[in-house]
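Going by the working numbering, the sequence shown opens with residue 23, and the numbers climb by one from there. Remarks on the structure that follows.
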Amino acid sequence: YRKGFKLVEILLDRDPESWSEHSSNLYTLSFVDKTAAYVQTIRFGFRSVEARGQAIWVNGKKWFMRGKLDCCHFPLTGHPDMSESWWRETLRRLKEEDGVNTVRFHSWVPPKAAFDAADELGMLIAVEVGIWVDGWHRTQKNCDFIGYGRKIDDFVKRELRAVLEEYGNSPSFISLGIGNE
């Protein structure tokens, strides 16, 4: 929900096909204002995620995570690639050659191109806002750390909201963590 927008119910003429790692069914929805001056297009997939006991279930099936950790190491460029083609090929190789179905982005959020590629391939993405929350820096004088109502808490809240607003409709988006540890 964003300010100025209202909730709209959309009735479908048939049950939608679920998005999963086995069938990455995607749908596109466009919103147009009365003057056609504003158009918003959203690509999404239908899937459910729930916790049952200590297991995660996706679309009513127990999910077996076969994951890879990505620590944002790009020594040749100093930054991640922003092209969907690069992410599509990278994630495709992880899925097809290594059997990976999930990538955990350790203390960072990849670019939109990664989510778009993962949506198409049926890969799941776990992201973390780039904050270390294990208290390693408590010994540093006057250091601001999370959970104590300081400026860093406001930053984390803004970052969490921004990630959800940007990627919340992506079916590949499986989890969002405050940060490391």
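All C-beta atoms in this analysis are idealised placements derived from N, C-alpha and C, irrespective of residue type, glycine included.
Contacting residues, own chain, Cβ-Cβ under 6 Å from residue i (five flanking each side not counted)
{"i": "Leu91", "result": "Arg126 and His128"}
{"i": "Glu181", "result": "Val151"}
{"i": "Ile196", "result": "Leu146 and Ala148"}
Nearest-angstrom Cα separation, counted from residue j out to residue i
{"i": "Asp141", "j": "Asn123", "result": "12 Å"}
{"i": "Gly121", "j": "Leu186", "result": "28 Å"}
{"i": "Gly82", "j": "His44", "result": "14 Å"}
{"i": "Lys28", "j": "Asn191", "result": "16 Å"}
{"i": "Trp85", "j": "Ser70", "result": "11 Å"}
Residue i, DSSP secondary structure in three states
{"i": "Trp108", "result": "helix"}
{"i": "Ile32", "result": "coil"}
{"i": "Tyr189", "result": "helix"}
{"i": "Arg65", "result": "strand"}
{"i": "Leu51", "result": "strand"}
Residues of its chain near residue i, where Cβ-Cβ distance is below 8 Å and the 5 sequence neighbours each way are ignored
{"i": "Met87", "result": "Ile78, Asn123, Thr124 and Leu146"}
{"i": "Tyr23", "result": "Caution applies to Tyr23, whose pLDDT of 43 falls short of 50 and renders its modelled position unreliable; the value that the coordinates give is listed next. Around Tyr23: Leu29."}
{"i": "Tyr49", "result": "Pro38, Arg65, Phe66, Gly67 and Phe68"}
Residues of its chain near residue i, where Cβ-Cβ distance is below 7 Å and the 5 sequence neighbours each way are ignored
{"i": "Ser42", "result": "Arg69, Val80, Asn81 and Gly144"}
| Contiguous beta strand (DSSP E) assignments of at least 3 residues, all confined to the region 71 to 124 | 71 to 74, 77 to 80 and 89 to 92
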